[in-house]
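Asks: Residue numbers for the sequence shown follow our numbering, beginning at 17 and rising by one.
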Amino acid sequence: MKLFAISDLHLASADNRDALAALPEFPDDWVILAGDVAERFEHLRLAFAAFTRRFRKVIWVVGNHELWCIPEDGDEQPLRGEARYRALVDLARSFGVVTPEDPYPLWTGPGGDCVIAPLFLLYDYSFRPDSIPRDEVVSWADARHNVCADEMLLDPAPHASREAWCAARCRWTEERLAKLDPTLPTVLINHFPLREDLIHIPRAPRFTPWCGTKATADWHRRFRASVAVSGHLHVRRTDWRDGTRFEEVSLGHPRQWDQRLGMAHYLREILPGPAASA
């Protein structure tokens, strides 16, 4: 029994959908889908159906792409903001997929008992140089052509802004995590990295404002994380901070992974995982 993770499947791509169709079965294992599975509900249905057929348990967190206001076939007014997120949660639940709104499941497999905590925290533009004020961050990023499409496609309604939505999610999630059994370690799962020093995207150095919030920099210590899982960056890597293993588990667009290896090759083992830090 293992816990795997993968993110950023971007199923708008036919090549990635073909790879999903060829994914073998893992009937004894759990899998984490750490966001940016797809923009359209039809592709999310495809993903949830495929993973729930192949794995014992599926855990999903929302990415920014799922929150994009993309019209579906026949829809004149796509869902936005909180309403879209709640519809995504309902869709996931209809397949039995665990979401950030559900009770956190308890892992009792190899490695010992551990709380698996899927989170939705968003970002608040705080991952930026101290010299750049908030009202200049988009123009600062645009000087290097690094502006995230969220500025046009991710509506935070009814929240006043994306950072206001982020603050609300952080407060609610922090309260939930604080109520967990203090004797149990956790696996924290969020689409965006929990720490700014985990961001390594040299081709888009000014993309950082759309990558998380400084409010979560110490959550791996406060909430006893043995592993923290994220995606978003499309840079697969393992990092260690304070004895916690941080896994970036993106698949990415077809040009960013070797399709000859198949999707299964890119499933990252989260638990039991390596025994000690590098």
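Just so it is clear, CB atoms sit at the ideal spot from N, CA and C, and this is done for glycine as well.
Using only alpha-carbon positions, find the residue among Phe262, His161, Trp188, Thr189 that is nearest to Leu210.
Replies: Residue mapping note: residue 210 aligns to position 194 of the sequence shown, counting from 1. Out of Phe262, His161, Trp188, Thr189, Phe262 has the C-alpha closest to the C-alpha of Leu210.
Asks: When the Cα of Asp274 is compared with those of Asp31, Phe42, Arg72, which residue comes out closest?
Replies: Looking up residue 274 in the sequence shown gives position 258. The shortest Cα separation from Asp274 among Asp31, Phe42, Arg72 belongs to Asp31.
Asks: In the DSSP assignment, what are the bridge partners of Tyr134?
Replies: Locating residue 134 in the sequence shown gives position 118, counting from the first residue. Correcting the residue identity first, residue 134 is Pro in this sequence and not Tyr. Note: Pro134 sits in a beta bridge opposite Ile205.
Asks: In angstroms, rounded to a whole number, what distance separates the CA positions of Asp171 and Ala65?
Replies: Taking the first residue of the sequence shown as 1, we reach residue 171 at position 155. Taking the first residue of the sequence shown as 1, we reach residue 65 at position 49. Taking the straight line joining both Cα atoms gives about 27 angstroms.
Asks: In this structure, does DSSP put Pro221 in helix, strand or coil?
Replies: Residue 221 sits at position 205 when you count from the first residue of the sequence shown. Of the three classes helix, strand and coil, the one that applies to Pro221 here is coil, per DSSP.
Asks: Can the beta-carbon of Ile22 be found less than 8 angstroms from the beta-carbon of Leu60?
Replies: Within the sequence shown, residue 22 is the residue found at index 6, counting from 1. Within the sequence shown, residue 60 is the residue found at index 44, counting from 1. No, the Cβ-Cβ distance between Ile22 and Leu60 is not below 8 angstroms.
Asks: Assess contact between the stretch 152–166 and the stretch 196–215, defined as three or more Cβ pairs (one per stretch) separated by less than 8 angstroms. Is contact present?
Replies: Touching, no.
Asks: Here's the rule: buried if 16 or more other CB atoms are within 10 angstroms of the residue's CB, otherwise exposed. What is Asp140?
Replies: Translated into the one-based positions of the sequence shown, residue 140 becomes position 124. Asp140 should be labelled buried.
Asks: In whole angstroms, give me the CA-to-CA distance for Thr199 and Ala28.
Replies: Position 183 of the sequence shown holds residue 199. Position 12 of the sequence shown holds residue 28. If I take the Cα positions, the gap works out to 42 angstroms.
Asks: I'd like to know whether the C-beta atoms of Pro290 and Pro126 end up nearer to each other than 8 angstroms.
Replies: By 1-based counting over the sequence shown, the position of residue 290 is 274. By 1-based counting over the sequence shown, the position of residue 126 is 110. No, these two residues do not count as a Cβ contact at 8 angstroms.
Asks: Between the C-alpha atoms of Asp270 and Val251, what's the straight-line distance to the nearest angstrom?
Replies: Reading the sequence shown from its first residue, position 254 is the one you call residue 270. Reading the sequence shown from its first residue, position 235 is the one you call residue 251. Here residue 270 turns out to be Pro, not Asp, going by the sequence shown. Taking the straight line from one Cα to the other gives about 13 angstroms.
Asks: Please state the DSSP three-state secondary structure of Pro43.
Replies: The count along the sequence shown starts at 1 and reaches residue 43 at position 27. Three-state result, Pro43: strand.
Asks: Quick one: residues in its chain with C-beta nearer than 8 angstroms to the C-beta of Arg33, no 5 flanking neighbours on either side, listed in chain order?
Replies: As a position in the sequence shown, residue 33 is number 17, starting the count at 1. Taken in chain order, the residues that qualify are Leu27, His59, Leu62.
Asks: Under DSSP, the beta strand (DSSP E) around Phe71 begins and ends at which residues?
Replies: By 1-based counting over the sequence shown, the position of residue 71 is 55. Looking at the DSSP string, the run of the beta strand (DSSP E) that includes Phe71 is 71–76.
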